[in-house]
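Notes for the one structure printed next.
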Amino acid sequence: MHEFSMTTQIVENVLREAEKHNAKKVTEVHLVIGKLTFLGAEQVRFSYNILVEGTIMEGSKLHIEEKNGVVKCSRCGHEGDFMYEDNPIYHVPTPTLRCPKCGGVVNIVGGRECTIKSIKLVI
Ligand SMILES: [Zn+2]
7 MHEFSMTTQI VENVLREAEK HNAKKVTEVH LVIGKLTFLG AEQVRFSYNI LVEGTIMEGS
67 KLHIEEKNGV VKCSRCGHEG DFMYEDNPIY HVPTPTLRCP KCGGVVNIVG GRECTIKSIK
127 LVI
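Residue numbers (my numbering): 7 to 129.
Quick look at the structure:
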């Protein structure tokens with residue numbers, strides 16, 4: 007369970023931060039999840055609710071902001087979202103590492119992050 011271990015880390019980080027500030031309670035957590043992490047927001051939410059039970063984070067609101075993948079072409083400098091191609095096996099569009107403008111190879115520059123944007127504490 008990818009989401010569970012990821013969410014465990016997030017909750018641990020928030021608790022550590024709260025401890026630093028001697029917080030009595032955490033009321034809100036704002037996350038940014040890049041689409042390329044392939045973390046499901048619903049699973050993250052589900053894991054979160056289990057993990058915060060019995061901690062000062064219990065009952066806190068979890069906001070999840072999903073961020074698109076960003077690629078940059080090494081040939082023409084194009085920067086933007088992934089180009090998607092229909093995958094004949096899965097019948098779902100899958101991101102490719104080809105530039106939509108010139109067909110060159112692109113590098114991933116964003117969308118792999120999973121960060122805590124902000125937290126609200128009661129001190
Ligand atoms: Zn290009």
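We treat Cβ as the ideally placed atom computed from N, Cα and C, and that holds for glycine.
Quick one: Cα of His88 to Cα of Glu23, how far?
As a position in the sequence shown, residue 88 is number 82, starting the count at 1. As a position in the sequence shown, residue 23 is number 17, starting the count at 1. With the sequence shown as reference, residue 88 is identified as Phe, and His is not the correct amino acid for it. Whole-angstrom Cα-Cα distance: 34 Å.
So, helix, strand or coil for Glu64, using DSSP?
Position 58 of the sequence shown holds residue 64. Correct three-state label for Glu64: coil.
If you compare alpha carbons, which of Val77, Val32, Glu85 is closest to Leu68?
The sequence position of residue 68 within the sequence shown is 62, counting from 1. Answer by Cα proximity: Val32.
Can you tell me which of the three DSSP states Leu21 falls into?
The sequence position of residue 21 within the sequence shown is 15, counting from 1. Correct three-state label for Leu21: helix.
Considering only heavy atoms of ligand 1, does any lie closer than 8 Å to the CB of Gly109?
The residue given as residue 109 occupies position 103 in the sequence shown. For ligand 1, at least one heavy atom lies less than 8 Å from the Cβ of Gly109.
Confirm the yes/no value for this check: CB of Arg51, any heavy atom of ligand 1, distance under 8 Å.
Here residue 51 refers to the residue found at position 45 of the sequence shown. Arg51 Cβ: outside cutoff for every heavy atom of ligand 1.
Assuming the contact rule is C-beta atoms closer than 8 Å, Ile16 and Ile122 should be a hit. Round their C-beta distance to whole Å, please.
Residue mapping note: residue 16 aligns to position 10 of the sequence shown, counting from 1. Residue mapping note: residue 122 aligns to position 116 of the sequence shown, counting from 1. So it is a contact: roughly 6 Å between Cβ atoms.
Taking one C-beta from the region 113-122 and one from the region 72-91 each time, how about it: are there three or more such pairs within less than 8 Å?
Output reads yes: the region 72-91 touches the region 113-122.
Hey, is the region 45-63 in contact with the region 88-101, meaning 3+ C-beta pairs nearer than 8 Å?
Taking 8 Å as the limit for Cβ pairs, the verdict is that the region 88-101 does not touch the region 45-63.
Taking its Cβ as the centre, do 16 or more other Cβ atoms sit within 10 Å of Thr13, making it buried, or is it exposed?
The sequence position of residue 13 within the sequence shown is 7, counting from 1. Thr13 should be labelled buried.
When burial is assigned at 16 or more other CB atoms within 10 Å of the CB, is Leu103 buried or exposed?
Translated into positions along the sequence shown, residue 103 becomes position 97. Exposed is the call here.
Tell me which residues share the same chain as Pro99 and place their Cβ nearer than 8 Å to its Cβ, disregarding the 5 neighbours each side in the sequence.
Walking along the sequence shown from the start, residue 99 turns up at place 93. Cβ within range, chain order: Tyr90, Glu91, Asp92, Asn93.
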